[in-house]
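Asker: Take the sequence shown: its position 183, counting from 1, is numbered 183 in UniProt numbering, and each next residue is one higher. Just so you know, even glycine gets a beta-carbon here, dropped at the ideal spot from N, CA and C.
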Amino acid sequence: MRSAARRRPRAVPSANRRDRQRGIKIEVEALLAGIAAALIAVGFAFIVFGGMSVPIWTDWEWGHWSIGMVSVCAVVVLGTIAAGVGYWRSRRLDGQEWRLELPSWKFTLDALVVAIVHTALGALATAVLLFVVQLAFRRLTIDPVSASIGCGAVTGLAAYMLYLAVSRLNTVSLSQRMFLFVGVGLLTAMATSTDPVWWRYQISALGAYGNRPSISFNAILIIAGILVTTFALYVDRDIRNLHTARVIRYPFAAPLVSTLFIAMGVALAGIGFVPVNVSVDVHNVFAIGLSALFGVLMLVSPIALRGMPLPFFAATLGSLLLLSGATWLFYGPGLLPLTNYELIAFGVLFAWITMFVRFLAAMLAAKGADAVGQTRTGGGQGAVAAHPATASAETVASGAEQASGAPAETAHVPDSTAATESVHERESSANQGSPAAQTMPLPDDAPPRPPLPDPNDTGLSR
């Protein structure tokens, strides 16, 4: 008769416990960063307001302060610090250790760009939020104490969310925030442009006026280009992991694809550095170079990324055909305006990169699930093998019972009782030394365990 078994929770590995503790520590640090940013913002706003009531939002004119203007300024400064510190402090979390191997200059540039992009998104969200609130409370002015507290609350919340946003960054989340930054930034530049018919010329005309919307448009392109070069680090890491897992066949895939991404980032930043009003020729070199590099990346994908799923290559072929068709319509018969061609090219670029990184993430997750499944299978086999005497006793006893038609208790083997007692002693000593025992002790009224049969006796002689 088997002993009564009781399931106990498995012991948590020390690595998982350390990662959980680090995750809790990141939450605490983010909360502290938010509180510190809120207190600093309250003091800064109280000094700036100078005891006067202020509106929630107003036009950006020096000397005409509002809650929105002070909050955005505080988010830009304190949010950048919070995001940079959070990105630096989280490099030892599970899945982020690869950043420890980066050279110091590369990690510094990576952290700076990530912090700037996240801070820009936070500042833009703050501005939109307070602008909408001002529309809900028109002609409202708020006393300086309440306005300062409001600035502190908005800034503290932004710093807290930025600290957490950069702590667990991966390829997919970075690509999503990069496209959100570029898309929202371009729409903002289009909506605030001083030329309402800019679309008659080209998108690059948004950065050719020399005013505040043009400066912001060029700055968005420059930051986006630097972010693409940083994004290449994550892509390189994912492709190397897939090659190590024998999914991507060729080892040159990671350096080739990451180099093309870096070149595309340089070209995108060059478009912002040299607007059309500075040099049309240089601007066009960067713009055409960006399209050419993207085309080369799609052309070499079937060879360099051998091992990716077939639907990925089919979508790559469709993107290449769409981009080639738009190029022919623009340069050939001239049926496509320049603005439409640029929008199509940007759309294809962002859509393909999104699809690419999501395929990489899905394949990495699949390989991780396979590894976990193999580990669990191996652990189950090890658990069965942990008590070979018990397993062999039950198996042989049942086999003897089936072969002879008699209960296993009737099979008497010399010295089997002593062997059984030794097995019981080993099990009891193991259970006493183990913090998580697998079996409960037998009750007093339980019948004795049947003696172990001789493994060499098949029962056929009886």
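Does methionine 69 pass the burial test, meaning 16 or more other C-beta atoms within 10 Å, or should it be called exposed?
Answerer: By the 10 Å Cβ count, methionine 69 comes out buried.
Asker: Out of Cys151, Leu260, Pro302, which one is the CA nearest neighbour of valine 76?
Answerer: Checking every option, the nearest Cα to that of valine 76 belongs to Cys151.
Asker: Taking C-alpha atoms, which residue in Pro251, Asp281, Leu130, Ile288 lies nearest to methionine 264?
Answerer: When only C-alpha atoms are compared, the closest one is Ile288.
Asker: Which value, in whole angstroms, describes the spacing of the CA atoms of leucine 335 and serine 319?
Answerer: Rounded to the nearest angstrom, the two C-alpha atoms are 20 Å apart.
Asker: If we ignore side chains and look at the alpha-carbon of each, how far apart do valine 274 and phenylalanine 286 end up?
Answerer: Taking the straight line joining both Cα atoms gives about 9 Å.
Asker: Answer yes or no: do alanine 254 and histidine 243 have a C-beta to C-beta separation smaller than 8 Å?
Answerer: A contact, by the Cβ cut-off of 8 Å.
Asker: What is the C-beta distance between leucine 162 and alanine 111, in whole angstroms, given that I count them as a contact (C-beta under 8 Å)?
Answerer: Between alanine 111 and leucine 162 the Cβ distance is about 13 Å, and since that is not below 8 Å, they are no contact.
Asker: With histidine 243 as the anchor, note down where its alpha helix (DSSP H) starts and where it stops.
Answerer: That run of the alpha helix (DSSP H) goes 212–244.
Asker: Can leucine 360 and aspartate 195 be called in contact, C-beta distance under 8 Å?
Answerer: It is not a contact, given that the beta carbons lie outside the stated cut-off.
Asker: Shortest alpha-carbon distance to alanine 127 belongs to which of Gly185, Ile271, Ala30?
Answerer: Nearest C-alpha to alanine 127: Gly185.
Asker: Does the stretch 90–100 come within contact of the stretch 35–45, defined as at least 3 CB pairs closer than 8 Å?
Answerer: Too few Cβ pairs lie closer than 8 Å, so no.
Asker: Given a threshold of 16 other Cβ atoms within 10 Å of its Cβ, counted over all protein chains shown, does threonine 316 qualify as buried or as exposed?
Answerer: Counting Cβ neighbours within 10 Å, threonine 316 comes out buried, since at least 16 surround it.
Asker: So what's alanine 115 in DSSP terms, helix, strand or just coil?
Answerer: Correct three-state label for alanine 115: helix.
Asker: Should tryptophan 57 and glutamine 134 be called a contact, given that it needs their Cβ atoms to be closer than 8 Å?
Answerer: In contact: tryptophan 57 and glutamine 134 (Cβ atoms closer than 8 Å).
Asker: What does the Cβ neighbour count give for serine 175, buried or exposed, with the cut at 16 atoms within 10 Å?
Answerer: Per the 10 Å Cβ criterion, buried.
Asker: Kindly indicate the opening and closing residues of the alpha helix (DSSP H) around tyrosine 201.
Answerer: Taken as a continuous stretch (DSSP letters only), tyrosine 201 belongs to no alpha helix (DSSP H), as it is neither H nor E.
Asker: Using only CA atoms, which one of Tyr234, Ala33, Val154 lies nearest to lysine 106?
Answerer: Ranking Tyr234, Ala33, Val154 by Cα distance to lysine 106 puts Tyr234 first.
Asker: Return helix, strand or coil for arginine 249, following the three-state DSSP convention.
Answerer: The answer is coil: DSSP assigns arginine 249 none of H, G, I, E or B.
Asker: With C-beta atoms as the reference, is valine 54 less than 8 Å away from alanine 158?
Answerer: No. Outside cutoff.
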